[in-house]
Structure formats: structure tokens, C-alpha cells
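Residue numbers (the numbering used here): 46 to 111.
Glycine is no exception: its CB is placed at the ideal position from the N, C-alpha and C atoms.
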Amino acid sequence: MTFLELLDVIALTCVVTVLLTLFWQRMRAYLKNHFEQYLSPRYLKSCGVRRRMPASPAQRTPDESV
46 MTFLELLDVI
56 ALTCVVTVLL
66 TLFWQRMRAY
76 LKNHFEQYLS
86 PRYLKSCGVR
96 RRMPASPAQR
106 TPDESV
């Protein structure tokens with residue numbers, strides 16, 4: 046194997062590794078977004094999603110408008 050062939054193999058390996066890494070990241074993001082829509086709000090709290098119950102009239106302060 047000549048030095049140029051070795052350089053070709055190294056370059057090809059680097060390119061394939063970068064492409065596989067980018068592909069894996071894209072697939073992971075796609076699957077994460079796909080499955081998040083099926084999760085209940087309990088599992089989405091780390092993403093900042095909160096479900097709030099509407100306040101009852103007894104808990105409002107008198108100066109608060111309705």
C-alpha cells in the first residue's frame with residue numbers, strides 16, 4: 046500500500062464517519078419528535094410542557110378582573 050493509498054483510505058474513513066454521525070443525529074431527532082406526541086404531559090415536564098388547571102373563582106383575588 047502506497048502512502049497516497051493510505052491517505053485515500055484515511056480520508057474516506059473520515060468522510061464516512063462524519064456522514065454516519067450526521068445521519069444518526071437526524072434520525073434520533075426525528076424519532077424523538079415523532080414519539081413525543083404520544084407521551085403524556087407527565088413525561089414532557091423536562092421539556093417545559095406543563096398543564097395547568099384553570100383557577101377557580103374562589104382562589105382569585107378581589108382586584109383581579111374576570
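- Just so you know, the alpha carbons of residue 60 and residue 51 end up roughly 14 Å apart.
- Straight through space, the alpha carbons of residue 55 and residue 82 are spaced by roughly 42 Å.
- Straight through space, the alpha carbons of residue 72 and residue 84 are spaced by roughly 19 Å.
- Between the alpha carbons of residue 46 and residue 63 lies a distance of about 25 Å.
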